[in-house]
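Residues 1 to 1124 (UniProt numbering) are what the sequence shown spells out, left to right.
C-beta atoms are modelled at their ideal positions from N, C-alpha and C, and glycine is treated no differently.
Written below as structure tokens is the structure these notes are about.
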Amino acid sequence: MLSPQDVPKKKPYRRGAHEQIFDLDAGELAPWESGHPLLDEPIPPRYTWQFTVYGGLYSRSAVAEALVEAFGQDTREERPSDGRTALFALTIDADGCLIENGATLSACAWTLGKLTSSRLDPNTLDGFDEEERAFAEAMDKLVPPERRSSTDEEQNGTRTSGPFDRVVRAFGDRLKSAGIDAWSAGAEAAGTAVKTATETAVGPVLGGVAGAAAGAFTESVLGPSDAENDDTASETTTAQPSAPRLLVTASALHDFVAEMAAALGVRDSLNATGVRVRCRAIPIRDDSADQDFLNSHIANDLSHVADAVARDDVGAALRNYLTDESALDTARRVDVRAHPDAVITGVEPQHVPAARWPGDPGKPLVLSQQFAVNRVVRELKDDAGLFSVNGPPGTGKTTLLRDVLSAIVLERADRLAELASPSEGFTERLELVPVGPKKIPTPVYGVSCALSGFEIVLATATNDAAKNVTAEMPGIDAVRGYTDEALDADYFTDLASHVLDAEAWGLVAATLGNLKYRNTFAKRFWWGNYRTSQNEDSQDADPSGAVGMYQLLKEAAHDPDAVDDWDTAVAEFRRAREEVERLAEARQHAADAITAESKCRRRWDEAKRAFADADALCALVRKDLATSDAEVRRADRVFRDADDDYESHLRHRPGLWVALATWFRAPREWQAKHERLEEARDAAKKKLRDTEGTQEELQQRLSAKLTELQKAEDARAAVSYELDLAQGQVTQARDRWPGRVPIPDDFSDDDEFQKCAPWSDEEYVTARNRLFLKALRLHRAFILHSSNRIRSNLSVMTEILQGNAKPSSAARLAAWQSLFLVVPMISTTFASLPRLFTGLGRESLGWLLVDEAGQATPQQVVGGLWRCQRAVVVGDPQQLEPIVTLPTSAQHALRRHHQVDEQWTPETTSAQGVADRLTRHGTALQLQDSDEQVWVGAPLRVHRRCDRPMFEVSNDIAYGGTLMVYGTQHTGQFPDENRWIDVRSQISTGHWVGDEGNALTALFEQLVAQEVNLDDVRVISPFRDVVRGAKSRLSAHVGSEFAKRNVGTVHTVQGKESDVIVLVLGSAPKSSGARQWAAERPNLLNVAVSRAKRRFYVVGNRQLWKDLRFFDRLAASLPAHEWR
């Protein structure tokens, strides 16, 4: 609500121009009033003037100042608060009548009045929707009755409930009757009736906002009818009061500005004054009001999505995105730098999409790019969800997005190839939609569900970022190295060039978004250079011009034999796919061999260990057995000796006479010895048996160990054979595809390994190129063979884009799906997305690609995530952060008011940061000068833009010095050297240091002398004061066009690059806070330094900057040249 859109800037008055923008003073004629020179300007036939009035102009910086005063100091030194907006906007037709639904109340002004005039409580910010609706309703009562539309609900006496019901209930009946009275009574009666009604109905409810609009303004603009001013009017005429005419004068508008400023409570804080008018010549049939002004559409869309979330009407992408920090499963994370095997497995040919972008076969994706593409397709092809890619500068984010598009188009081509005929691509007629000036009923046909879910929406924070991708993809430079083949595919090449307004190769992407882009695309795409007449079926062709899609489809319907044969197109596509699959299978065998070799090496090591262990055990058993054998022999000798002694003693047993002679002493002694010898013999015998038992056990054990040893030897031999076989296959792969087989040991270090393009040999890459072009050719055949139904749908789609048709949600979706069948990707800004896809619900579209997501607030992407099934979020939280005009103090006040966790504060995180948390495959990024680590999604690692030292500075300050790998390959020498031009001056105007301007012009003189192309030079600064000063100097020195195009803040160059970047630091010498702000985080310097491909110059006071965080690394990298 506090992020208003700017009003258009004034333009110098130009005769014959179809758009004029000027400020209207109170005493001047309004451009719709008789006598104004604009009405004498020639405009094309069947065109008329339409006027957008912006009342109460105020600067966005005033908003920031008011909020700082209310909530406390802003922690950010430089905030993008340039630009002017307005308290309200009205749309007026050529007759001076207000156009229905053409009034808008500024949400920013209303909210600011609330925040600065009362204590923030739970109800303070509730109610804008009601007041804005009431304001619009009040203005609509000034629309002549015959120019009002009536809805089915109104005809039935009911109205669909909306956010303004409270006001409408209190206000509607009286105001409606007052409005009718105003057109059937005289001026005085009308003014009185309306004023009375509005004061009674609105004043107590709205505090005077809509009351001021309906009462004071209505009374001032309603005048007597023309008949009442006609002296010749008959008595009958005067007796019957006729409809009064509107007198919307400049004076009345200025008075209205004062009334609104007072009613909103912003008269002092915003100093809103003046009236600006935008005059446009538009087709007569395009008489609707364009409400693309003042308020952000994201706020309303967030409210809509919030209601959907409350009733659990959300898909997987948004549900994942909203996951609470405490619910994250961080244990599942796989750090791709710590676990390179995960990357090697992830880039195997079986995971690579069969089609790729048709670029130079010699420049395929490198390891991290291919891994990211493969993971996107693998995780999201069959399941809804979200995936994030971290793209540091110069690492090929756009290149990655091209291959994602190729994979999606291929999958839809697979579905097309399964159709028995193109007619199966459409279902029954959904409804008839009035089209064209004559409102010809045009049928909309449903699109088969088999062909849905492949729509690709690219969303970004800025129009420039969107165009960077969708204007680049169709361009001829996007297929350099494969140009002839891409042109031969002829995917509506001529029409693509016409839509792009530059040489193109195929109609694969288009830039939509705001109304201007939508209108331009619709006219160029649909009509080409054919000018539509009153009857849309009657066209006047310019033979030398481009043929629009309308005519192409019409010709295909009239002469279907001239279109590629459907069966032939399917067959050629299938053959191309089979060829890719054959090549992929061969490379997968090699990948399997690498995996097998790795496994065999592990098994070989295990087999060697098992054999060695078995052999060692055998040796131990043999040793024990030898010992046992000796013990058996010893025990046997002992037993034999004991047995001999026993037997000998037994033979010498004394007889009777000896017993008698010794009085039985001898027998007793013999018996005692006998017993001793018998015991000794038994003991020896037992010992012998025990040792023999041990010996037998050891022999059995040795036999078992020998068997195990033999098995280990057999296993070792088998693994050796398999290893030799796998090594042979890997060697063959190395020889066949040198440098393309991803084996880390084959590269000198990890940096070189990261530059590897896995499995992307020329034969395979070329086949994948060819398959993508065959997929497009199949799409072309389908489109032209479905010419009648798709022409009907696209006719309605063209009307939707231009705001001339409002079909049902089902018909609207079918129209969009038909457009996406022709143009796979369209781009839009987050601000335009809600209006662009009005009427489309949860997961109605297939894919959302968010580019430069580090610049998007967490809230901006929500509407797109809700409408799409799958999302790929690409960006870098270490580059420019979200542009937030709201002071930090106000952000936190509102966050606390709404009980929102700090992680969702726009100032502290981005959409990229939120999405990164959820991606399983990524890496932990160490922040400079900190023990803190941040998890980022699948990182792109090879940087191929900047020379050194710019690369090292960027890598060190933002990526821990290790994430990015240097892969820049510029050819040829470049003049001069990188340096810091040290300007020591104590004199400044704001942040602009005049001597730095002198040094800047001297540098440009040197660049000119060195014959550096100035189109490849950009001048940037952290501060707007410096930009203004630099533009002034260079306008005089180089030219205003260069200054306008090539000089800007650091924020203006995100996503861009130049051979030469000049960073003019500026800053008031005594303003250390400004410098501390610039050095608070690495983002700003990272973007500045990473835009420079060949040379980087710093102009500024080195003494003031060299010890600041991050800038110290820059100072250490650049030689200092003192400027005098």
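In the three-state reduction of the DSSP assignment, M797 falls in the helix class, which pools H, G and I. In this structure, F1110 lies near A1079, with their beta-carbon atoms less than 7 Å apart. The Cβ atoms of A496 and L507 lie closer than 7 Å to each other. Comparing alpha carbon positions, the residue from D901, L451, T398 closest to K467 is T398. In the three-state reduction of the DSSP assignment, T116 falls in the helix class, which pools H, G and I. Between the stretch 458-478 and the stretch 822-830 there are three or more inter-stretch CB-CB distances shorter than 8 Å, so the stretches are counted as touching. Every alpha helix (DSSP H) of 4 residues or more that sits fully in the stretch 708-774 is shown, in chain order, as 750-754. With contacts defined as CB atoms closer than 7 Å, N788 and A557 qualify as a contacting pair.
Here the alpha carbons of S1117 and I408 stand approximately 44 Å from one another. Excluding sequence positions up to five before and after T427, its CB lies within less than 8 Å of the CB of Y445, G446, V447, S448, all in the same chain and listed in chain order.
A contact is defined here as three or more CB-CB pairs under 8 Å, and the stretch 876-883 meets this definition with respect to the stretch 388-405. Exposure of E696 is indicated by the presence of fewer than 16 other C-beta atoms within 10 angstroms of its C-beta. Relative to N804, the option among R582, V257, C97, V435 whose CA is nearest is V435.
Inclusion of A853 and Q912 in the CB contact set at 7 Å is warranted, their separation being smaller than that value.
Residue pairing from DSSP places L90 in a beta bridge opposite V53. When the beta-carbon positions are compared, I43 and R278 stay at least 7 Å from each other.
Under DSSP, I440 shares a beta bridge with V435. Less than 7 Å divides the Cβ of F573 from the Cβ of A417. Ranked by Cα distance from R378, the first of T345, G27, G16, T493 is T345. Apart from the 5 residues on each side of it in sequence, V257 sits with its Cβ closer than 6 Å to the Cβ of G55, G56 in its chain, given in chain order. In this structure, DSSP gives D335 an extended state, which the three-state scheme calls strand. A straight line joining the alpha-carbon of R402 with that of R770 spans about 15 Å. Our two residues, G385 and G864, have alpha carbons roughly 13 Å apart in a direct line. Annotation: T694 to A684 spans about 15 Å, alpha carbon to alpha carbon.
Under DSSP, the beta-bridge partners assigned to D982 are G1100, E1122. Under DSSP, V457 takes part in a beta bridge, and its partners are I826, L848.
Residue range 921-926 is occupied by the beta strand (DSSP E) that includes H921, with no alpha helix (DSSP H) assigned at that position.
Membership of D301 in any beta strand (DSSP E) is not indicated; the residue belongs instead to the alpha helix (DSSP H) covering 297-310. Straight through space, the alpha carbons of R1028 and S368 are spaced by roughly 41 Å. Around the CB of H892, 16 or more other CB atoms lie within 10 Å, so the residue is classed as buried. When the five nearest sequence neighbours on each side are left out, the beta carbons in the same chain lying within less than 7 Å of the beta carbon of D313 are those of R842, in order along the chain.
Per the DSSP secondary-structure output, I21 pairs in a beta bridge with R278. Straight-line measurement puts the Cα of L24 at about 56 Å from the Cα of D360. For A915 and L322, the gap between their C-alpha atoms comes out near 9 Å. Distances from the alpha-carbon of G655 to those of F664, V266, S1058 put F664 closest.
The DSSP-derived three-state label of P834 is helix.
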